[in-house]
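So the structure is just underneath, and the comments pick up after that.
Residue numbers (this note's numbering): 1 to 50.
Put into structure tokens, the structure is as follows:
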């Protein structure tokens, strides 16, 4: 489980995100998935509009 500004990722893979008040624009974060041998990192982009 990890956290960052505005977001929380749970052990079950779900996440919650709350954008800044009156914030707009793109927010992005990276997710790394690993099976212990190989891993892949992807960038998730959330477009925040008011």
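Think of the CB as a built atom: it goes at the ideal place given N, C-alpha and C, for glycine as much as any other residue.
- One or two residues paired with residue 53 in a DSSP bridge: Since the first and last residues shown for the chain are 1 and 50, residue 53 lies out of range.
- Query: Which residues in the same chain have their Cβ closer than 7 angstroms to the Cβ of residue 19, if we skip the five residues on either side of it in sequence?
  - Reply: 6, 27, 48
- Message: Within the continuous beta strand (DSSP E) that includes residue 67, where are the two ends?
- Response: Since the first and last residues shown for the chain are 1 and 50, residue 67 lies out of range.
- Task: Give the straight-line distance between the Cα atoms of residue 21 and residue 50, rounded to the nearest whole angstrom.
- Result: 9 angstroms
- Message: If you reduce the DSSP assignment to three classes, tell me which class residue 61 lands in.
- Response: The shown model of the chain, from 1 to 50, leaves out residue 61, and the question about it has no answer.
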